[in-house]
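Protein chains in written order, with the numbering used here: chain A, 136 to 468; chain B, 5 to 629.
Comments concern the structure below.
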């Protein structure tokens, strides 16, 4: 019964948040200065000289994109179509559909970011816990190195990796998702090429993630290590490995929140790696959409981010109830 | 026990990370051009390795394209392609569909190819053309060898039906050209007549626009167009949005593969053009990798992954002088290419202050163009001392149409701060309140100069314009919004000073460029995409602009263009900041060589081996031994 009320409350609040977020996702891009028809019209009328014909092309696009309609009407159309999974046609890549654009780029982002975030998170937590518990070289050597790296801006880290490993050492390709001379196929050559192109973007994300996670984990672990239950366990003669297990579990809670947030915002976070390494993905799609005032594409991308953040948070909150019953109890009070 | 655990964990944590990083990487292509031998070896090896695979698949979307059979490009294709439809206005398929003054003719073909070096049209699907006396009918004879990729002949009916479709479905091209071309009629299978639209007096509205169609608009197959019409129920919108994946074209290449990272074309070995060119183009494949930005494209170009670069490269000469890379340009020394366009600062003449020609001219006189050319363009432009100002670009064909002697008194070559100050003082535009900024009617002269953010050479140029303003007591602040905001400002005249390109080289220029500088028609547009963005109105200039398209006498044309240039330099409704190549054209000769060069006697323009008559270069390429 306790769980049911806890979960119901959470889900209702998240639904309300989703509705507000969807409205903002729709309205905010449309409040930006600039004309969404401009870019496409610029391409269409290039070289045209008859003023009436130019005006006709411009108005045709304005009508097709529906930007002349009142915003409330546009919103109703957007909601009606979105509920059917149809986000309409992109303005900047007209007549490609938003669904098609997202489908072709989202998996590159997920496959790059998800493993990178998870590995960075795992390595960071292991390093933090080990630094706190073992000290020595981990605390004085490895951790500061990763802390230094985590403070390097993402574009700086990506550029350094590109310069050193690709341009100077020639160990990795400089751009793209697969070899410039390849055609995708189910071959070992292609797979190896994808893997090789994956390395630099992947490590540019991992290396700057580890330090931040490690320092958080270290602080939490030190706090936990000084807790009475640890001292008591030691007096009892319980093995180190067992105690580390207890400490880990208790120190993990804030880290899980951090992980959920990272996963939720991974689309935006992929941008730097995608730009520096010309790696395909949703980050650059979103950036291009913003620059091109591509309202349908912006709304769809931000909706994905919104839903991912909400789902990640909801998942964490729900799992908290299981991991730490104190939270559920506190919520129920 | 604790020490051992410590060591083990250290080994696993650090070792695993390093090893994963290193093991996952494989040796990439050599990064400098000094290793030509290794590159050649690698090429041979790659070719040998892939030959078997090629034989096995060929039609399958698998494997790779051999490096020594593939010509790689950058700087043309940005983003995923949308379609293969020349009726669409947003194909975003630059390598296949670029219907502009020098149309890209590797997939679809035009009737003629324009050569900016001599200003002439060269036959492609068309063989020859002639006007009747009144310039009301342009008769074109088709090349009898021309065939579609399905091996049916290209006929006059195809040419006529293409125009009919553009007109019927109100494509961007159809909407424009139907104002100048009344109809296109097939006289017989190999003769087609373009009938010009006539005005009330029975004169052609604009014969220049009729000729402009010929090297610009692709010819499409009538039978295929009818198929597309049928499957779309003759619905104009649907037809213009049809992806045309099954397209029929007449060019030497066809689609091979495309995704969001590249577009690959394969040569059609049955291409009819063997009869025209004497052979097939050398590269079997043409690939354009879709780079995220110029930097990524440059890196690939330097490392030999790109053969032809259509990107601006700062200090391009350093690539061969200092880095020793096998890279070259059309000309070995500055300006390294053929400059055919002139990025220009347009004044909003409706703005108080900028409505005075003394203010406009003073700003233009004070700008340090040599600094712009040296820094922003890294000397890839002739100076205004080398090629004095007019409405002409620096090509010899256009320069022959202006009498520079008559313009001497109106010239300005820049950095003339004292002259600019004197001009303003004489006009009574002075700084009365001592704040360092001159006033008109008590109001300080403060302006914003804008161009899109991230266009670094343009941004740097406008900074130099702003610096010139401060030297002569005119406040100029730079403003670099994102491209869309800029387009909005420029086309709706919400700017003080904006920077944009007028038309470059084409069969309709310099008339088209003169229109972009001074056409009164454009000044009145509600949303102006075409030129004269600042709204300058001069009836004398407009009358000349109306006479030029109907004039065929070269001396009279020269007179008109000289007078237009005089008005332009005297009134300064806008001023060019530099000359600039229409297309950048740098080539990496680590795999292919034989690219066009100045004075090589071939008369092939540096249009990246793909545009207009520049495609002739594809037939001269050979592999580096």
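Built from N, CA and C at the ideal position, the CB exists for glycine as well.
Legend entry - Any chain A beta carbon closer than 8 Å to residue 488 (chain B): yes
Legend entry - Identity of the residue in B:460, B:276, B:198, B:211 nearest residue 315 (chain B) by Cα: B:460
Inset, instruction - Could you name the residues that DSSP lists as bridge partners for residue 396 (chain B)? - result: DSSP, once it has assigned bridges, lists no residue as partnering residue 396 (chain B).
Inset, instruction - Determine, using beta carbons only, whether residue 300 (chain B) comes closer than 8 Å to chain A. - result: yes
Legend entry - Contact list for residue 185 (chain A) against chain B, beta-carbon separation under 7 Å: 180, 183
Inset, instruction - Quick one: residues in its chain with C-beta nearer than 7 Å to the C-beta of residue 202 (chain A), no 5 flanking neighbours on either side, listed in chain order? - result: 171, 172
Legend entry - Rounded Cβ spacing between residue 539 (chain B) and residue 352 (chain B) (contact assumed at less than 8 Å): 7 Å
Legend entry - Residues that residue 419 (chain A) contacts on chain B, provided the C-beta gap is smaller than 8 Å: 296
Legend entry - Interface flag, residue 192 (chain A) vs chain B, CB-CB below 8 Å: yes
Legend entry - Reference residue 127 (chain B), options B:205, B:220, B:468, B:586, closest by Cα: B:220
Inset, instruction - Please list the partners that residue 228 (chain A) has in chain B, where partner means a Cβ-to-Cβ separation under 9 Å. - result: 83, 84, 86, 94, 96
Inset, instruction - Using beta-carbon positions only, say whether residue 703 (chain B) and residue 145 (chain B) come within less than 8 Å of one another. - result: With chain B covering only 5 through 629, there is no way to say anything about residue 703 (chain B).
Inset, instruction - Pull up the DSSP beta-bridge partners for residue 77 (chain B), would you. - result: B:292, B:312
Inset, instruction - Taking C-beta pairs closer than 8 Å, name the residues in chain A that residue 1 (chain B) reaches, listed in chain order. - result: Limits of chain B in this structure are 5 at one end and 629 at the other, which puts residue 1 (chain B) out of reach.
Legend entry - Pairwise C-alpha distance: residue 225 (chain A) and residue 164 (chain A): 14 Å
Legend entry - Residues, ordered as in the chain, of the stretch 357 to 372 of chain A that lie near chain B by beta-carbon distance below 9 Å: none
Inset, instruction - Could you tell me which residues DSSP pairs with residue 592 (chain B) in its beta bridges? - result: B:331
Legend entry - Closest Cα partner of residue 142 (chain B) within the set B:88, B:107, B:174, B:197: B:197
Inset, instruction - Determine whether the Cβ of residue 212 (chain A) lies closer than 8 Å to any Cβ atom of chain B. - result: no
Legend entry - Euclidean distance between Cα positions of residue 513 (chain B) and residue 212 (chain A): 46 Å
Inset, instruction - Examine chain B for any beta-carbon lying closer than 8 Å to the beta-carbon of residue 426 (chain A), and answer yes or no. - result: yes
Inset, instruction - Verify the CB distance criterion: does residue 531 (chain B) have a CB-CB separation below 8 Å to chain A? - result: yes
Inset, instruction - Decide if residue 166 (chain A) is buried, meaning its Cβ has at least 16 other Cβ atoms within 10 Å, or exposed. - result: exposed
Inset, instruction - Starting from the N-terminal side, write out each stretch of the alpha helix (DSSP H) that is 4 residues or longer and does not extend beyond the stretch 385 to 427 of chain A. - result: 401 to 404, 406 to 411, 417 to 426
Legend entry - Cutoff 8 Å; reference residue 504 (chain B); Cβ partners in own chain excluding five residues on either side: 347, 348, 350, 455, 494, 537
Legend entry - Selected residue, minimal CA-CA separation from residue 291 (chain B), among A:445, A:444, A:318, A:337: A:318
Legend entry - Below-8 Å beta-carbon distance, residue 566 (chain B) vs any chain A residue: no
Legend entry - Rounded straight-line distance, which links the Cα of residue 415 (chain A) to that of residue 243 (chain A): 6 Å
Inset, instruction - Give the interface partners of residue 179 (chain A) over in chain B, defined as CB-CB distance under 8 Å, in chain order. - result: 93, 94, 176
Inset, instruction - Would you mind telling me which residues of chain A sit closer than 8 Å to residue 4 (chain B), beta carbon to beta carbon, in chain order? - result: Lying outside 5 to 629, the shown extent of chain B, residue 4 (chain B) is not represented and no answer is given.
Legend entry - residue 302 (chain A) at chain B interface by Cβ criterion, 8 Å: yes
Inset, instruction - Go through its chain and collect everything with a Cβ distance to residue 303 (chain B)'s Cβ below 7 Å, but skip five positions before and after it. - result: none
Inset, instruction - Would you please verify whether the beta carbon of residue 309 (chain B) is less than 8 Å from any beta carbon of chain A? - result: yes
Legend entry - Coil, strand or helix - residue 25 (chain B) by DSSP: Because the pLDDT of residue 25 (chain B) is 39, which lies under 50, any placement of that residue in the model is unreliable, and the number read from its coordinates should be weighed accordingly. Residue 25 (chain B) falls in the helix class under three-state DSSP.
Inset, instruction - Have a look at B:323, B:383, B:578 and flag the residue whose alpha-carbon is nearest the alpha-carbon of residue 341 (chain B). - result: B:383
Legend entry - Three-state secondary structure assigned by DSSP to residue 354 (chain B): coil
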